[in-house]
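These notes are about the structure you will find just below.
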Amino acid sequence: MLDKKLKTILTKIVGLENIITNKLALETYSYDASPYQGEPMVVLFPSTTEMVAEIVKVADKYDIPIMPRGAGTSVSGGAVPPKRSIVLSFTRMNRILDINSIDRTALVEVGLTNKQLQLATKKYDLMFAPDPASQNISTIGGNIAENAGGIKGVKYGSTRDHVLGLEVVLPTGEIIKTGNLSSEILPEVDLTYVFCGSEGTFGIVTKACLSLSRLNPSVETMTSTFNSIEDAGNCVAQIIASGVIPTTMEIMDNTVIRAVEEHAKLGLPKKAAAFLLVEVDGFPTETNFQVTSIMRAFKANLGYDYKLAKDEKEREELWTARRSVNGALGKLKPANISHDIVVPRDRIATMLKKIAQIGDEYQIIIGQVAHAGDGNLHPSLYYDHRIPEEVLKVEKACDKIIKETFYQGGSLSGEHGIGLEKKKYMVDAYSKTSLKYMKKIKDAFDPKGLLNADKVLPDDI
């Protein structure tokens with residue numbers, strides 16, 4: 001419970017209308033999109049960087065954990081507040097401050113949603129390339145914190161590749177500017193990329209200067225189905241080996257195909273082992289060549305029922321299957337854990353099969369979607385959280401999936417971050433020396449450990 005003295009101090013900073021202390025209202029901010037839940041003491045809604053800095057100074061003075069929050073879409077527990085913490089909600093800091101169509105940059109506050117930025121930049125025939133599945137509601141601040149990627153990641157990279165500069169409030173309440181927002185001429189050490197992907201544990205980003213990409217004049221979308229995961233995996237490898245770098249390359253497994261067909265009635269073959277969606281963009285001469293190469297790969301790897309969208313309407317129809325995944329799978333069970341792992345491209349088929357076997361072993365439903373172009377797999381485990389036996393099975397299956405990921409030469413996370421969910425695996429993913437230096441970096445920025453506490457690093461290093 002927030003004491004009167006502290007409430008008075010915080011209210012003076014943000015105003016009475018921008019503070020929540022009611023227990024029932026606080027519960028709304030106690031969780032994100034993961035199964036975890038915390039206990040915040042107060043939620044504040046700052047509207048300026050200076051307000052954020054003043055709040056952080058108070059937290060530092062009274063040793064109160066502080067949790068920056070965008071839209072709460074983290075599936076790894078990254079936005080779950082610690083006990084007796086201050087939650088900083090950035091819903092009031094959601095302005096587009098500038099779009100420069102010549103330099104192809106946007107200056108924004110971090111409470112802006114990814115979708116809002118996409119709509120604003122489209123008017124200039126530009127886009128912000130990172131497009132996570134949660135883009136309709138996830139914020140730019142969250143994208144930066146998790147170094148989010150998305151379906152265009154194979155060609156355009158992750159959020160880090162599109163951040164030019166940041167305004168950051170440090171755990172002391174000091175404000176710094178990095179990259180092209182800095183007044184320094186060519187700083188020898190650019191801290192911008194230190195904050196990208198740090199999951200809000202080093203500093204609180206309040207503004208970002210982002211690099212925008214051109215919307216290409218030609219976009220081609222095609223799909224194929226396969227009777228084996230191996231054929232689909234080999235097709236992915238052949239497409240990349242041909243020199244084609246698709247904008248998007250998405251694989252859905254049989255569990256997902258069947259669920260989507262039951263849900264959306266799209267005419268997908270329920271017995272197919274895999275469904276592959278590939279999209280390319282560029283100038284027409286470039287995309288025409290790419291389409292020929294991709295269709296050749298479909299045929300060479302025993303793909304069938306392949307389709308090439310003739311217009312925007314058909315393109316949207318082809319995308320319907322991929323966009324229906326979450327809704328379709330959500331009908332199967334009341335709860336799910338969405339995993340995020342990365343394996344080498346030549347191990348995608350093997351890993352998909354191994355995960356399916358793990359699902360069979362523990363008798364749980366696992367639906368698999370993969371950003372196949374960069375080996376980023378998203379197996380989702382569906383279960384009933386009210387049945388302890390199912391919860392235990394899912395926990396064991398998750399452990400086994402991570403263990404298999406390491407065996408296949410993969411890594412712990414591609415774009416969802418570590419958060420609470422995966423910090424226990426960090427000791428298996430990194431050496432003691434690496435973890436020691438990660439902790440030293442954290443301590444250099446946040447010696448009290450108040451900023452997004454208990455996330456990422458194991459407790460015993």
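Using the UniProt record's numbering, you'd call the opening residue of the sequence shown number 1 and step up by one each time. We put the beta carbon where it would ideally sit given N, CA and C, even for glycine. Just so it is clear, the structure is predicted and the values come from calculations on it, not from any experiment.
Membership of cysteine 209 in the beta strand (DSSP E) is indicated by the continuous run 204-211. The beta-carbon separation of alanine 328 and valine 260, rounded to 5 angstroms, stays under the 8 angstroms limit for a contact.
Non-local C-beta neighbours of glycine 179 in its own chain, meaning closer than 6 angstroms and more than five positions away in sequence, comprise Leu164, Gly165, Asp190 and Thr192, ordered along the chain. Distances from the alpha-carbon of glycine 197 to those of Thr225, Arg160, Ile140 and Ile204 put Arg160 closest. Note that the region 446-461 touches the region 71-87; at least 3 beta-carbon pairs, one per stretch, sit closer than 8 angstroms. Look at valine 52 here: in three-state DSSP terms it is helix. Exposure of aspartate 360 is indicated by the presence of fewer than 16 other C-beta atoms within 10 angstroms of its C-beta. By the C-beta criterion, the region 353-370 is judged not to be in contact with the region 291-304, since fewer than 3 inter-stretch pairs fall below 8 angstroms. Isoleucine 55 and leucine 112 have their C-alpha atoms spaced approximately 21 angstroms apart. Under DSSP, aspartate 281 shares a beta bridge with Val219. In the DSSP assignment, lysine 83 falls outside any beta strand (DSSP E), carrying neither H nor E. DSSP, read as helix, strand or coil, puts histidine 339 in coil.
In this structure, arginine 322 keeps its C-beta atom at 8 angstroms or more from the C-beta atom of leucine 352. When the beta-carbon positions are compared, threonine 221 and glutamate 279 come within less than 8 angstroms of each other. Linking tyrosine 31 to aspartate 98 through their CA atoms gives a straight-line distance of about 33 angstroms. Going by C-alpha positions, serine 158 is about 25 angstroms away from threonine 350. Collapsing the DSSP output to three states places lysine 307 in a strand.
If you draw a straight line from the Cα of tyrosine 62 to the Cα of lysine 432, it is about 32 angstroms long. The C-alpha of phenylalanine 289 is placed about 30 angstroms away from the C-alpha of isoleucine 102. The shortest CA-to-CA distance from lysine 270 to any of Met252, Thr287 and Thr285 is the one to Met252. Residue pairing for threonine 113: DSSP places it in a beta bridge opposite Thr139.
Each of Gly142, Ala129 and Ala273 was checked against the Cα of glycine 367, and the nearest Cα belongs to Ala273.
DSSP places arginine 69 within a strand segment (E or B) once states are collapsed to three. With fewer than 16 neighbouring CB atoms inside 10 Å of its own CB, aspartate 459 falls in the exposed class.
Contact between isoleucine 86 and methionine 51 is ruled out by a C-beta separation of about 12 angstroms, above the 8 angstroms threshold. As the crow flies, the alpha-carbon of glutamate 415 is around 5 angstroms from that of alanine 148.
With 16 or more other Cβ atoms inside 10 Å of its own Cβ, alanine 133 counts as buried.
Taking 8 angstroms as the upper bound for CB-CB distance, glycine 409 and arginine 315 are not in contact here, some 35 angstroms apart.
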